[in-house]
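Right, one structure below, let's go through it.
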């Protein structure tokens, strides 16, 4: 599997802030940056003081002198502006991500995912931040639920923010990928929990269902390498394998029966990361696709990414038409590597 280590970004001496910093991605990102670089400041920005307290027991500012823990919400632009003073790079990982909860609480989803994105953009421009990378999701491509629609709106906000910042201002980019192996709320920990409780069968929403899979470390690496090549307005999409949901269940619970329970509201049979409509502006590199901005108003984009080639007309990247498929053995090896 791809490790997404190149090109390498240099964060030594930089001041970095990550929103949603106590989440699964945030914690892995912080650990990776501490291991690889010597940043001037590394700020964890999130709204849950208990999660920050628990994280600080593992990653203490007393041990890691660059670490800071800021309580704050992306809905609060004044706090964002204060937190971003002197910051070079922002990674925006804060979001409301649970599909059914977003459907039941639509105003809250919009307040965090859409208005929060707007606040991050405005705060970054006002604070003189140099670079912002926002995390997206496969659900933002051809969305069929509110979470996906809110993240599509967020993506559009961050892409358009490059024009708001001007030719010499902050550069904004987006990273989009699929299911993170073993992350909170994903199906693999759910299967393992059922098996630990003595389940005799595993629930399958639909036997045809497929999903893209990426490890948490791969996700962090992909964000870091995308930082190094972004010039503003791109959506970076990794080349990662697919797997059938029935094969995941068989790998986790060999010999257990599988019961089809039906697809949930707002759920897709197959994940989409690049739509056919986006193919006109998509280019391909060895380990990723890049959806380039449709409106270019600064010189950095005019020569194109080195080594990139345009995808075929009508290209459509989803977990069903993928030519890279994960085996049960590889899945189990990755779970072991991630200590899941």
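Residue numbers (this note's numbering): 4 to 343. Virtual Cβ for every residue (Gly too), placed ideally from N, Cα, C.
Worksheet item: Under 8 Å, do residue 245 and residue 327 count as touching if we go by C-beta distance?
Response: Yes, they are a contact pair.
Practice prompt. Can you say whether residue 13 is buried or exposed, counting buried as having 16 or more other CB atoms within 10 angstroms of its CB?
Written response: In this structure residue 13 is exposed. Its beta-carbon is surrounded by fewer than 16 other beta-carbon atoms within 10 angstroms.
Practice prompt. Please list, in chain order, all residues of the same chain as residue 129 whose beta carbon is under 7 Å from its beta carbon, the five residues on each side excluded.
Written response: So the qualifying residues of the chain are 84.
Worksheet item: Which of the three DSSP states, helix, strand or coil, is assigned to residue 39?
Response: Of the three classes helix, strand and coil, the one that applies to residue 39 here is helix, per DSSP.
Practice prompt. Kindly indicate which residue of 339, 124, 282 and 340 has the alpha-carbon position closest to the one of residue 317.
Written response: Nearest C-alpha to residue 317 among 339, 124, 282 and 340: 282.
Worksheet entry | Cβ-based neighbour list, residue 11, same chain, cut-off 8 Å, excluding 5 preceding and 5 following | The answer, listed in chain order, is 227, 228 and 231.
Discussion item. List, from N- to C-terminal side, the alpha helix (DSSP H) runs of 4 residues or more that fit wholly inside the stretch 162-203.
Written reply: The qualifying runs are 190-199.
Fill in: Bounding residues of the beta strand (DSSP E) (the contiguous stretch that carries residue 216)
First-last of the beta strand (DSSP E) with residue 216: 213-217.
Worksheet item: So residue 77 packs on residue 115, CB below 8 Å; how close in whole Å?
Response: Correct: roughly 6 Å between the Cβ atoms.
Worksheet item: Where does residue 243 sit, in a helix, a strand or coil, going by DSSP?
Response: Judged by DSSP in its simplified three-state form, residue 243 adopts coil rather than helix or strand.
Discussion item. Tell me the rounded alpha-carbon separation between residue 3 and residue 313.
Written reply: With the chain covering only 4 through 343, there is no way to say anything about residue 3.
Worksheet item: Out of 340, 254 and 309, which has the shortest C-alpha to C-alpha gap to residue 329?
Response: The closest CA to that of residue 329, considering only 340, 254 and 309, is found on 254.
Item to complete: From the DSSP output, in three-state form, read off residue 313 for me.
Response: If DSSP states are grouped into helix, strand and coil, residue 313 belongs with the strands.
Item to complete: Return the Cβ separation of residue 241 and residue 277 in integer angstroms, given the expectation that the two are a contact with Cβ distance under 8 Å.
Response: About 11 Å; that fails the 8 Å criterion.
Worksheet entry | Assigned exposure category for residue 30 - 16 Cβ within 10 Å defines buried | That one is buried.
Worksheet item: Looking only at its own chain, which residues have a Cβ that is under 6 Å from the Cβ of residue 82, when we skip the five neighbours before and after it?
Response: Sequence-distant Cβ neighbours of residue 82 in its own chain, meaning closer than 6 Å and more than five residues away, are 75.
Worksheet item: From residue 20 to residue 107, what distance separates their C-alpha atoms?
Response: When rounded, the distance between both Cα atoms is 31 Å.
Item to complete: May I ask you to report which of helix, strand or coil DSSP gives residue 48?
Response: For residue 48, the secondary structure class from DSSP, reduced to helix, strand or coil, is strand.
Item to complete: With distances taken Cα to Cα, identify the nearest neighbour of residue 155 among 169, 164, 140 and 292.
Response: Checked all of 169, 164, 140 and 292; the closest Cα to residue 155 is 140.
Worksheet item: For residue 70, which of helix, strand or coil comes out of DSSP?
Response: If DSSP states are grouped into helix, strand and coil, residue 70 belongs with the strands.
Worksheet item: Is residue 64 helix, strand or coil when you go by DSSP?
Response: Here DSSP, grouped into helix, strand and coil, assigns residue 64 to coil.
Item to complete: Give the DSSP-derived three-state secondary structure of residue 5 in the structure shown.
Response: Of the three classes helix, strand and coil, the one that applies to residue 5 here is coil, per DSSP.
Discussion item. Quick check: the stretch 283-292 against the stretch 148-162, are at least 3 beta-carbon pairs closer than 8 Å?
Written reply: Contact between the stretch 148-162 and the stretch 283-292 is not established, with fewer than three Cβ pairs separated by less than 8 Å.
Worksheet item: My guess is that residue 160 and residue 124 are in contact by the Cβ rule of under 8 Å, so how many angstroms apart are they, rounded?
Response: Confirmed, about 6 Å.
Worksheet entry | Beta-carbon proximity of residue 290 to residue 7, cut-off 8 Å | Residue 290 places its beta carbon less than 8 Å from that of residue 7.
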